[in-house]
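Positions in the sequence shown are counted from 1; adding 312 to them yields my numbering.
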Amino acid sequence: MANHDVYADIGVIGGSGFYSFLEDVTEVSVDTPYGSPSDSLFLGEIAGRRVAFLPRHGRGHTVPPHRINYRANLWALRSVGVRQVLGPCAVGGLREEYGPGTLVVPDQLVDRTKSRAQTYFDGEQRADGALPNVVHVTFADPYCPDGRRVAVKAARGRGWEPVDGGTMVVVEGPRFSTRAESRWHAAAGWSVVGMTGHPEAVLARELGLCYTSLALVTDLDAGAETGEGVSHTEVLRVFGENVGRLREVLFDAVGALPATADRDCLCMRAHDGWDLGIELP
């Protein structure tokens, strides 16, 4: 883009704790064909890279997981130049060894959501008259392999040994799981459970964006422990205790991601050979 102030090549979808301390932030409102994103984009610079921060739940955490406009969020990021996305999130651990404070960089995803728009290519005419074709993207490996390697290395560089790989199961929310559901997820061999990782990852893939999840375990999920179950208060407490070092890892990862021109991964080739029917930003 011509205006450097509204350009970023890396996106971070998270909370205000990841950008509020920066001295030079440009707030940009973005309209999309899919409506408004969760909030404005907050653009700044880290390690010489232009970064766009997007509060996933809006500032003040006012948008619940099942009502997030995921399509608008990812479209807005791409529209300012973003081609690589880091998606930190809070999750419940499904294994005893994945207690609070564990950092998981998953390599697989299971979708158990129910009502979320999860594609740009549904063959339905948009409000602006554009007509996307029906397109089927490859999603066997939902996360960018290059982004995952960078995230794991960044965590280790901060003395925080992450879980390298594992499966995130995404539920509808906003409620937490029952004990039966949690035991079912654990019995299936899945690692962590969250509420926002889908369709965030697949929409990024449809836009040709590299997407990497950094999942902070804030609790053992209801079926994996014997107490009263997960509470929102406890989740916020543990996340608050770890947000500082998670931010350090994120910022180190931002500086280590490949330059946009040097990307050579499956993400950027997700729709090679397809006629999308619509023009991407």
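C-beta: ideal position from N, C-alpha, C; glycine also. Computed from a prediction, not measured in an experiment: that's the story for all the values here.
Under the three-state DSSP convention, the category residue i falls into
{"i": "R407", "result": "coil"}
{"i": "Y523", "result": "strand"}
{"i": "L578", "result": "coil"}
{"i": "A314", "result": "Low confidence applies to A314: its pLDDT is 38, below 50, so where it sits in the model is not reliable, and the reading given next is rough at best. DSSP places A314 in coil when its eight states are reduced to three."}
{"i": "V555", "result": "helix"}
{"i": "T572", "result": "helix"}
{"i": "G441", "result": "coil"}
{"i": "E436", "result": "coil"}
{"i": "A500", "result": "coil"}
{"i": "D458", "result": "helix"}
{"i": "F563", "result": "helix"}
{"i": "E591", "result": "coil"}
{"i": "R517", "result": "helix"}
{"i": "F330", "result": "helix"}
{"i": "G370", "result": "coil"}
{"i": "P511", "result": "helix"}
{"i": "E484", "result": "coil"}
{"i": "R470", "result": "coil"}
{"i": "P418", "result": "coil"}
{"i": "A607", "result": "The structure shown does not extend to residue 607, since the chain is modelled only from 313 to 593, so the question has no answer here."}
{"i": "P377", "result": "helix"}
{"i": "A384", "result": "helix"}
{"i": "V392", "result": "coil"}
7 Å Cβ shell around residue i - same chain, five flanking residues per side excluded
{"i": "F451", "result": "V514, R517"}
{"i": "A314", "result": "In this prediction, A314 scores a pLDDT of 38, lower than 50, which makes its location untrustworthy; no coordinate-derived value is stated."}
{"i": "N554", "result": "G413, L528"}
{"i": "A442", "result": "P345, I590"}
{"i": "P570", "result": "D458"}
{"i": "P349", "result": "V342, L366, N381, A384, N385, A388"}
{"i": "E339", "result": "S352, F354"}
{"i": "W472", "result": "L415, R557, V561"}
Closer than 8 Å: residue i CB and nearest the ligand NAP heavy atom
{"i": "N445", "result": "Ligands in the displayed structure: none, and consequently the ligand NAP is not present."}
Cβ-Cβ distance between residue i and residue j below 9 Å
{"i": "M507", "j": "P400", "result": "no"}
{"i": "G477", "j": "T524", "result": "no"}
{"i": "Y319", "j": "A429", "result": "no"}
{"i": "V483", "j": "V504", "result": "no"}
{"i": "V464", "j": "V397", "result": "no"}
{"i": "R358", "j": "G567", "result": "Here residue 358 is Ile; the residue named in the question, Arg, does not match the sequence. Yes. Within cutoff."}
{"i": "G404", "j": "L532", "result": "yes"}
{"i": "P474", "j": "L406", "result": "no"}
{"i": "P593", "j": "R390", "result": "yes"}
{"i": "A573", "j": "L526", "result": "no"}
{"i": "D419", "j": "D453", "result": "yes"}
Expected contact under 8 Å - CB spacing of residue i and residue j to nearest Å
{"i": "D321", "j": "R362", "result": "6 Å"}
{"i": "L562", "j": "F330", "result": "6 Å"}
{"i": "V479", "j": "L386", "result": "Checking the displayed sequence, the identity of residue 479 turns out to be Thr instead of Val. Contact doesn't hold; Cβ gap of about 22 Å is too wide."}
{"i": "V392", "j": "A364", "result": "6 Å"}
{"i": "V447", "j": "H583", "result": "6 Å"}
{"i": "L334", "j": "G356", "result": "4 Å"}
Selection from the options that minimises the alpha carbon distance to residue i
{"i": "C579", "options": "L521, N554, D564", "result": "L521"}
{"i": "Y455", "options": "C577, T431, V375, D351", "result": "C577"}
{"i": "D434", "options": "N445, K426, S427", "result": "N445"}
{"i": "H373", "options": "D351, P511, R407", "result": "D351"}
{"i": "G323", "options": "W502, R549, V449, E512", "result": "E512"}
{"i": "G326", "options": "A402, A499, E408", "result": "A402"}
{"i": "P486", "options": "D440, Y432, G501, K426", "result": "K426"}
{"i": "R581", "options": "V462, S489, V449, G360", "result": "V449"}
{"i": "D587", "options": "Y432, V340, E409", "result": "Y432"}
{"i": "E408", "options": "H510, G501, G509", "result": "G501"}
{"i": "R379", "options": "H510, R495, G552, V462", "result": "H510"}
Contact set for residue i: own chain, Cβ-Cβ below 8 Å, skip 5 residues either direction
{"i": "R424", "result": "V481, V482, V483, E484"}
{"i": "R470", "result": "R557, E560, V561, D564"}
{"i": "G411", "result": "G405, V529, L532"}
Beta-carbon proximity list for residue i, same chain, < 6 Å, skipping 5 on both sides
{"i": "H369", "result": "V375"}
{"i": "H497", "result": "L406, V481, V505"}
{"i": "R575", "result": "none"}
Interface flag, residue i vs chain C, CB-CB below 9 Å
{"i": "T572", "result": "Chain labels in this structure do not include chain C; a single protein chain is all it has."}
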